[in-house]
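Take the sequence shown: its letter number 28 is residue 289 in my numbering, and every next letter is one higher.
Glycine included, C-beta positions come from ideal geometry on N, C-alpha and C.
All values derive from a computational prediction rather than experimental measurement.
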Amino acid sequence: EQAMIGQWLQGVVDSTRRHWQLGHEVALCGRLIKGYGATNERGKDNLLHVLNHLAQGPVPEAAARAIAAARSAALDDDAGKALDATLVAHGAPARPVKAQPIRWMPKARSHANAGRT
């Protein structure tokens with residue numbers, strides 16, 4: 262957790278050195294991390310993706326606009342489709358798809374069929 266905070270703060274410092282608006286937008290990305298559990302992890306992943314792909318743009322003003330759009334998309338859509346579309350529109354790769362285990366569950370017996378064999 263502390264390493265993540267340190268990485269974000271370093272991103273704020275580095276971005277501010279390039280342009281004040283870029284640093285401001287990176288600082289506002291702290292709002293992406295909220296909640297706990299899967300929501301918190303998703304926010305951290307989104308923040309890192311924005312820092313690694315949008316904050317490094319060659320034109321600081323354009324990078325700031327791209328970050329603002331990505332942050333807004335991420336906050337408006339928990340599924341992440343809007344964020345991925347915004348990332349791609351600004352020349353960044355979409356976030357990688359995370360592997361999720363498939364859990365097979367036995368079919369529950371209905372009460373109407375419980376007595377039949």
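Counting only the Cα atoms, alanine 340 lies some 21 Å from arginine 364.
The continuous alpha helix (DSSP H) containing methionine 265 extends over residues 263 to 279.
Straight across, the Cα-Cα distance linking glycine 298 with tryptophan 281 is about 33 Å. CA-to-CA, the gap between leucine 312 and proline 362 works out to about 28 Å.
If only complete runs of 4 or more residues are kept, the segment 288 to 361 shows the alpha helix (DSSP H) at 299 to 314, 321 to 337, 342 to 350, in order along the chain. Contact annotation, arginine 332 with leucine 289: C-beta distance approximately 6 Å; criterion of less than 8 Å satisfied.
Per the C-alpha coordinates, the member of Glu286, Asn307, Arg370 positioned closest to lysine 295 is Asn307.
Scanning its chain for C-beta atoms nearer than 8 Å, with the 5 sequence neighbours on each side dropped, one finds around leucine 336 the residues Arg292, Leu293, in chain order.
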